[in-house]
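Undergrad: Following the UniProt record's numbering, the numbering of the sequence shown begins with 1 at its first residue and continues without gaps.
Quick one: the structure is below, and I'll ask about it shortly.
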Amino acid sequence: MIEILSPAEVARARSAGALVADVLQELRHASTPGTNLLDLDRLAATLIADGGGTSCYVDYAPSFGRGPFGHHVCTAVNDAVLHGRPHDRALADGDLLTLDLAVTVDGIAADSAISFVVGDRAPAESLALIDATERALAAGIAAARPGARVGDISHAIGTVLGGSGYAINTQFGGHGIGSTMHQDPHITNTGRPGRGYRLRPGLLLALEPWVMADTAELVTDDDGWTLRSATGCRTAHSEHTIAVTRDGAEILTLPRHLRP
Numbered sequence: 001m002i003e004i005l006s007p008a009e010v011a012r013a014r015s016a017g018a019l020v021a022d023v024l025q026e027l028r029h030a031s032t033p034g035t036n037l038l039d040l041d042r043l044a045a046t047l048i049a050d051g052g053g054t055s056c057y058v059d060y061a062p063s064f065g066r067g068p069f070g071h072h073v074c075t076a077v078n079d080a081v082l083h084g085r086p087h088d089r090a091l092a093d094g095d096l097l098t099l100d101l102a103v104t105v106d107g108i109a110a111d112s113a114i115s116f117v118v119g120d121r122a123p124a125e126s127l128a129l130i131d132a133t134e135r136a137l138a139a140g141i142a143a144a145r146p147g148a149r150v151g152d153i154s155h156a157i158g159t160v161l162g163g164s165g166y167a168i169n170t171q172f173g174g175h176g177i178g179s180t181m182h183q184d185p186h187i188t189n190t191g192r193p194g195r196g197y198r199l200r201p202g203l204l205l206a207l208e209p210w211v212m213a214d215t216a217e218l219v220t221d222d223d224g225w226t227l228r229s230a231t232g233c234r235t236a237h238s239e240h241t242i243a244v245t246r247d248g249a250e251i252l253t254l255p256r257h258l259r260p
């Protein structure tokens with residue numbers, strides 16, 4: 001299903017996006033050495049409820065997972081990159097943490113992810129991974145305009161990730177979003193320009209470049225959810241929800257200090 005949202009629905013998506021961004025920034029501030037991932041999940045639950053939203057993850061049970069996710073935010077540490085299920089683990093100085101959050105406000109969802117290094121010790125490899133995903137995300141957003149095609153976004157993202165020396169996994173990527181968290185079209189993190197669905201104003205997309213330092217192969221934890229690099233290398237993941245407009249793309253999940 002591909003939804004084209006009305007102006008009123010896009011306005012509700014802005015509210016959802018603002019809540020996602022604000023919660024992520026609060027969780028980032030709380031992510032210090034010694035913080036337990038389960039405490040971050042509990043904080044996310046409180047912040048989402050206080051903001052009038054509902055987590056998209058608690059009852060999320062797609063075909064690739066093992067039952068409902070059962071938590072409010074994805075917490076992926078170091079070699080984990082996607083669908084990181086919160087568990088009893090304390091963060092350490094120098095850990096690379098990815099927080100991925102999707103919420104619904106008034107029936108419309110928004111989705112975003114940030115990667116950052118916890119504490120004061122910041123390995124160069126981790127910073128390079130994060131930088132590559134953030135630059136790829138910016139390139140994908142710049143390619144999202146009316147009349148462009150999904151393949152143009154994929155090509156822009158892949159050019160940055162591949163040009164930075166990273167192998168690209170195409171199993172998981174960006175997606176449409178609206179009244180539900182995951183919709184068509186699927187947006188791979190590399191592809192051929194000029195191919196795929198043609199973008200229209202009112203289309204919401206969650207773009208999410210992610211990479212692993214030395215592999216494109218994933219393995220799944222025993223929890224049935226957490227996806228890790230097959231080699232144990234570090235990973236990073238950046239994501240924004242955007243709305244295609246008549247003039248280009250509007251980022252709905254910008255942190256408060258970056259909003260117009």
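Beta carbons are placed, not taken as given, at the ideal position from N, Cα and C, and that holds for glycine.
1) Compare the beta carbon distance of His237 and Glu217 with 8 Å and say whether it is the shorter of the two.
2) Judging by CA-CA distance, which residue of Phe116, Thr188 and Ile242 is the nearest neighbour of Ile141?
3) By Cβ distance below 7 Å, which residues in the same chain neighbour Leu37 in space, the five residues on each side in sequence not counted?
4) Could you round the C-beta distance between Tyr197 and Arg149 to whole angstroms and report it? I think they count as a contact, below 8 Å.
5) Does the stretch 218-231 come close enough to the stretch 67-82 to have 3 or more Cβ pairs within less than 8 Å?
6) What do you get for His257, buried or exposed, if any count of 16 or more other CB atoms within 10 angstroms of its CB means buried?
7) If I follow the unbroken beta strand (DSSP E) through Ser115, where does it start and stop?
8) Nearest CA to the CA of Ala45: which residue from Gly162, Thr35 and Tyr57?
9) Are at least three pairs of beta-carbons, each pair with one atom in the stretch 109-119 and one in the stretch 186-200, less than 8 Å apart?
10) Does the beta-carbon distance from Val10 to Ala132 come in below 8 Å?
11) Which class does Gln171 belong to by DSSP, given the choice of helix, strand or coil?
12) Hey, how far is the Cα of Val244 from the Cα of Pro7?
13) Please determine whether the Cβ atom of Gln25 lies at a distance below 7 Å from any heavy atom of the ligand GTP.
14) Can you tell me whether DSSP reads Thr54 as helix, strand or coil?
15) Considering only residues of the same chain and omitting the five flanking positions on each side of Arg200, which have a CB-CB separation below 7 Å?
16) Put Ala236 into one of helix, strand or coil per three-state DSSP.
17) May I ask you to list the residues that DSSP assigns as paired with Ala102?
18) Output yes or no for whether 8 Å exceeds the beta carbon distance between Ser179 and Ile108.
19) For Leu99 and His83, what's the separation of their Cα atoms in angstroms?
20) The beta strand (DSSP E) spanning Thr220 covers which residue range?
21) Closer than 8 Å by C-beta to Leu43: which residues in its own chain qualify, once you throw out the five before and the five after it? Chain order, please.
22) Taking all protein chains shown into account, do 16 or more other C-beta atoms lie within 10 angstroms of the C-beta of Gln171, making it buried, or fewer, making it exposed?
23) I'd like the span of the beta strand (DSSP E) that includes Val77, first residue to last.
24) In terms of alpha-carbon separation, which member of Gly17, Gly202, Gly165 and His240 lies closest to Glu125?
25) Could you check if Val219 is buried or exposed, using at least 16 other CB atoms within 10 Å of its CB as the buried criterion?
TA: So, from the listed chains and residues:
1) no
2) Ile242
3) Thr75, Pro86, His87 and Arg89
4) 6 Å
5) yes
6) exposed
7) Ile108 to Val117
8) Tyr57
9) no
10) no
11) coil
12) 11 Å
13) Because no ligand of any kind appears in the structure shown, any question about the ligand GTP cannot be addressed here.
14) strand
15) Ile4, Pro146 and Val244
16) strand
17) Asp111
18) yes
19) 9 Å
20) Leu218 to Thr220
21) Glu26, Leu27 and Ala30
22) exposed
23) Cys74 to Val77
24) Gly165
25) exposed
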